[in-house]
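Down below is the structure, laid out as structure tokens.
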Amino acid sequence: MAKEMSIPRGDLFGSIGTKIDYVLAGDKVYLIELKTTDSSDNDEQAGKYLEECQSQEKSFGDKIGRQLLSILNKKAVFNLKLGGHEHWTNETLRTAFDLILQKYGVKSQDGHCAEQAMALIREKRWTQSKKYRSRKYLYTLGKLVDYPEKLWDKQMEVIYLTPDGRRTHEGIEPRSLKKFVADLPNRHPNDELAQLLADIIAAIYLPEKAGK
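Numbering (the working numbering), first residue to last: 5 to 216.
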């Protein structure tokens, strides 16, 4: 659903700091941190993600939704004047997106918001300007708006993928990248991308099995 999403520091929203690698959605919103080497594991980092995001009292909207909207709402970014974040809901995501596109004379289209966001980002070359670089998060907002289910109230789960599934934090169940990817072709036998991913991981971590 998104990648490199900013995690707020406590209840201080709007400051771009720690980021989570990937965000997936299903029955929950899953925050995926990918560690390709054991040396890149960081227990303190895992603890922060757990504390900020995995509490049953905090939903995706409470933390990640408010963080994203707070960044886009800043005067130096899009100056949307959305009001206090305590009143924001899933509908605020769409409201913010519509307001941003209206600033540039574009009407949002259902199911194509991420595509529209990318086109505008490229046209304005925001990623090439340090001053306007935070505007690239419009694409993330577009992805959330396009998602067919309401995300705001979904609970979150942090998943750490490490090469061998080494535990990084007491409260986070580790997942082995080698075991997870090795079983992909069996679970998705007709998916060429699943086979490609399995082959890549095998070539990196299990060279003796690569190509077999």
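C-beta atoms are modelled at their ideal positions from N, C-alpha and C, and glycine is treated no differently.
Quiz item: Exposed or buried, residue 158, counting other C-beta atoms within 10 Å across all chains shown (16 or more means buried)?
Solution: buried
Quiz item: Which one of 101, 150, 13, 176 has the shortest CA to CA distance from residue 160?
Solution: Ranking the options by Cα distance to residue 160, first place goes to 176.
Exercise. Quick one: which unbroken alpha helix (DSSP H) runs of 4-plus residues sit fully inside the segment 104 to 145? Chain order, please.
Key: Runs found: 117 to 128.
Exercise. Whole angstroms is fine: what's the gap from residue 86's alpha carbon to residue 13's?
Key: 21 Å
Quiz item: What is the rounded straight-line gap between the Cα of residue 108 and the Cα of residue 76?
Solution: Straight across, the Cα-Cα distance linking residue 108 with residue 76 is about 15 Å.
Quiz item: Can a CB atom of chain D be found closer than 8 Å to the CB of residue 143?
Solution: Of the protein chains in this structure there is only one, and it is not chain D.
Quiz item: Using 8 Å as the threshold, is the segment 96 to 103 in touch with the segment 141 to 149, meaning 3 or more CB pairs across them?
Solution: Short answer: they touch.
Quiz item: Out of curiosity, what's the CA-to-CA distance linking residue 124 and residue 48?
Solution: Cα-Cα distance, rounded: 37 Å.
Quiz prompt | Start-to-end residues for the beta strand (DSSP E) that takes in residue 180 | solution = 178 to 180
Quiz item: Is there contact here, the segment 168 to 186 with the segment 132 to 141, by at least three beta-carbon pairs under 8 Å?
Solution: Contact between the segment 168 to 186 and the segment 132 to 141 is absent: fewer than three C-beta pairs spanning the two stretches fall below 8 Å.
Quiz item: Since residue 25 contacts residue 7 with CB under 8 Å, what's their CB separation in whole angstroms?
Solution: 6 Å
Practice problem: Please look up how many angstroms separate the CB atoms of residue 20 and residue 57, rounded, as I've assumed it's under 8 Å. | Solution: Actually they do not touch by this definition, with Cβ atoms about 16 Å apart.
Quiz item: Which class does residue 63 belong to by DSSP, given the choice of helix, strand or coil?
Solution: Strand at residue 63.
Practice problem: Tell me, to the nearest whole angstrom, how far the beta carbon of residue 164 is from that of residue 37; I am working on the premise that it is less than 8 Å. | Solution: Between residue 37 and residue 164 the Cβ distance is about 5 Å, and since that is below 8 Å, they are a contact.
Quiz item: What does residue 7 pair with, by DSSP beta-bridge criteria?
Solution: 26
Quiz item: Would the C-beta of residue 170 count as close to the ligand GTP, meaning under 7 Å from any of its heavy atoms?
Solution: Absent from the structure shown: the ligand GTP. Ligands present: none.
Quiz item: Hey, quick one: how far does the alpha helix (DSSP H) through residue 196 stretch, first residue to last?
Solution: 196 to 209
Practice problem: Could you tell me the distance, in whole angstroms, from the CA atom of residue 105 to the CA atom of residue 111? | Solution: 6 Å
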